[in-house]
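Asks:
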Amino acid sequence: MFRDRRGVSETVGFVLVFSLVMLTVGTVLTVGYAGLQDARDAERVNNAERAFDVLANNVEDITARGAPSRGTEIRLAEASIGPGEPVTVNVSGFAADGSREFSTGNDSLGTVVYEADGTRIRYVGGAVTRVQSGGSTLLGDPNFLISEDSVIIPVVELTVQERTIAGSRTVLVRSERELHDVEIDQSGIDRLAVNLTTPAAGAWETYFESEGMTCERPDGDDGTRLTCELEESDGFRVQLIRFTIDVTFD
């Protein structure tokens, strides 16, 4: 009778120890796998940010240094790349009496977008932004030159191929200049207004305010519209240079 009880106790002990070991192994595997997934997702986004920084530099070679074309390799890792929601921009200049000296009208700037797990890395108008559910961040500024006596605005219009590539492969993004034109070169401007409609309104607002402009969001922080102005009582010169660039994916 004593030996039977001891056998039962040993069996129960073995089952308890084995269950505890299996529970520990399962917990470690679950938590560890989730951690690995998070690390992989973070590294994927970081790689995309670095690749778009190269893309921005390559386009700047075209707009600022006269290169006819450039190619940028971007590696996908269960992500996608293609055209995105365009940015609409209007630039207007006003004299001291409030009269409008010029207006570009509403220009639609094409966008290249890398998307993975709800995070979008966007190149548009010379700028690189990251857009997530919590808001937007400027990763690379659009290279506007804003000072007390002069403003130079490069308007980079992308004509993006209507093609989205998804999966895990390397994509070659080709950028080729089609047009380069000085559209506006005017002095005596007392107030400059830039109106944008973009999913990354918060990022653009941060940039313009850092350049000394005052901005407002007509629809609040959740809206896509942004209005920024620069005023100088002594007047300043405005140059607006337009670039049209074809973008294709291979």
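In terms of my numbering, the sequence shown opens at residue 3 and continues consecutively. We treat Cβ as the ideally placed atom computed from N, Cα and C, and that holds for glycine. Computed from a prediction, not measured in an experiment: that's the story for all the values here.
State the DSSP-derived secondary structure class of F238, mapped to helix, strand or coil.
Replies: Taking the first residue of the sequence shown as position 1, residue 238 is located at position 236. If DSSP states are grouped into helix, strand and coil, F238 belongs with the strands.
Asks: With three or more C-beta pairs closer than 8 angstroms as the rule, is the stretch 235–251 touching the stretch 159–167?
Replies: Touching, per the Cβ criterion.
Asks: Counting along the chain, where does the alpha helix (DSSP H) carrying E75 start and finish?
Replies: Taking the sequence shown and counting its residues from 1, the one referred to as residue 75 is at position 73. From DSSP, E75 is part of no alpha helix (DSSP H) but of the beta strand (DSSP E) over 71–77.
Asks: To the nearest angstrom, how far is the alpha carbon of S235 from that of G95?
Replies: The residue given as residue 235 occupies position 233 in the sequence shown. The residue given as residue 95 occupies position 93 in the sequence shown. Going by the C-alpha atoms only, they are around 13 angstroms apart.
Asks: Expressed to the nearest angstrom, what Euclidean distance is found between the alpha-carbon atoms of E180 and V91?
Replies: Within the sequence shown, residue 180 is the residue found at index 178, counting from 1. Within the sequence shown, residue 91 is the residue found at index 89, counting from 1. Computed Cα separation, rounded: 20 angstroms.
Asks: Between G142 and P156, what straight-line distance do the alpha-carbon atoms span, to the nearest angstrom?
Replies: As a position in the sequence shown, residue 142 is number 140, starting the count at 1. As a position in the sequence shown, residue 156 is number 154, starting the count at 1. When rounded, the distance between both Cα atoms is 15 angstroms.
Asks: Which residue marks the beginning of the alpha helix (DSSP H) containing F210, and which one marks its end?
Replies: For the purposes of this step, residue 210 is taken as residue 208 along the sequence shown, with counting starting at 1. F210 -> alpha helix (DSSP H) spans 203–212.
Asks: Check whether the Cβ atoms of E213 and I148 lie closer than 7 angstroms to each other.
Replies: Here residue 213 corresponds to residue number 211 of the sequence shown, with the count starting at 1. Here residue 148 corresponds to residue number 146 of the sequence shown, with the count starting at 1. Result yes, Cβ atoms of E213 and I148 sit closer than 7 angstroms.
Asks: Measuring straight from C-alpha to C-alpha, what distance separates S177 and R72?
Replies: As a first step, residue 177 must be located in the sequence shown, where it is residue number 175. As a first step, residue 72 must be located in the sequence shown, where it is residue number 70. Cα-Cα distance, rounded: 5 angstroms.
Asks: Would you say A50 and Y125 are within 7 angstroms of each other, going by their C-beta atoms?
Replies: Taking the sequence shown and counting its residues from 1, the one referred to as residue 50 is at position 48. Taking the sequence shown and counting its residues from 1, the one referred to as residue 125 is at position 123. Not a contact, by the Cβ cut-off of 7 angstroms.
Asks: Quick one: residues in its chain with C-beta nearer than 6 angstroms to the C-beta of I243, no 5 flanking neighbours on either side, listed in chain order?
Replies: By 1-based counting over the sequence shown, the position of residue 243 is 241. Excluding residues within five positions, the ones whose Cβ falls inside 6 angstroms are P156, V184.
Asks: In angstroms with no decimal places, state the Cα-to-Cα distance between D119 and N108.
Replies: Along the sequence shown, one-based indexing puts residue 119 at 117. Along the sequence shown, one-based indexing puts residue 108 at 106. Cα to Cα, D119 sits roughly 32 angstroms from N108.
Asks: Thinking C-beta only, is T226 closer than 7 angstroms to T200?
Replies: Here residue 200 refers to the residue found at position 198 when the sequence shown is read from its first residue. Here residue 226 refers to the residue found at position 224 when the sequence shown is read from its first residue. Result yes, Cβ atoms of T200 and T226 sit closer than 7 angstroms.
Asks: Between the alpha carbons of Y35 and D55, how many angstroms are there, rounded?
Replies: Start at 1 with the first residue of the sequence shown, and residue 35 comes out as number 33. Start at 1 with the first residue of the sequence shown, and residue 55 comes out as number 53. Residue placement at Y35 is poorly supported in this model, since its pLDDT is 44, which falls under 50; the coordinates still yield a value, given next. Straight-line Cα distance between these residues: approximately 30 angstroms.
Asks: Taking contact to mean 3 or more Cβ pairs, one atom from each stretch, closer than 8 angstroms, check whether the stretch 189–209 and the stretch 126–137 are in contact.
Replies: With a cut-off of 8 angstroms, the stretch 126–137 and the stretch 189–209 count as touching, because enough Cβ pairs lie within range.
Asks: In the DSSP output, which residue or residues are listed as bridge partners for N92?
Replies: Reading the sequence shown from its first residue, position 90 is the one you call residue 92. Answer is N197, bridged to N92.
Asks: Out of curiosity, what's the CA-to-CA distance linking D223 and T121?
Replies: Taking the first residue of the sequence shown as position 1, residue 223 is located at position 221. Taking the first residue of the sequence shown as position 1, residue 121 is located at position 119. For D223 and T121, the distance between alpha carbons rounds to 19 angstroms.
Asks: Assuming V240 contacts L57 under a Cβ cut-off of 8 angstroms, what Cβ separation, rounded to an integer in Å, is found between them?
Replies: The count along the sequence shown starts at 1 and reaches residue 240 at position 238. The count along the sequence shown starts at 1 and reaches residue 57 at position 55. The pair is not a contact, with the Cβ atoms about 28 angstroms apart (cut-off 8 angstroms).
Asks: Under a three-way DSSP split, which group does E45 fall into?
Replies: Working through the sequence shown from its first residue, we reach residue 45 at position 43. In the structure shown, E45 sits in a helix (DSSP, three-state: H, G or I).
Asks: If you draw a straight line from the C-alpha of E218 to the C-alpha of F210, how long is it?
Replies: Here residue 218 is taken as the residue at index 216 of the sequence shown, counted from 1. Here residue 210 is taken as the residue at index 208 of the sequence shown, counted from 1. E218 and F210: Cα-Cα distance of roughly 11 angstroms.
Asks: Should R193 go down as buried or exposed, given a rule of 16 or more other Cβ atoms within 10 Å for buried?
Replies: Taking the sequence shown and counting its residues from 1, one reaches residue 193 at position 191. With 16 or more Cβ atoms within 10 Å of its Cβ, R193 is classed as buried.
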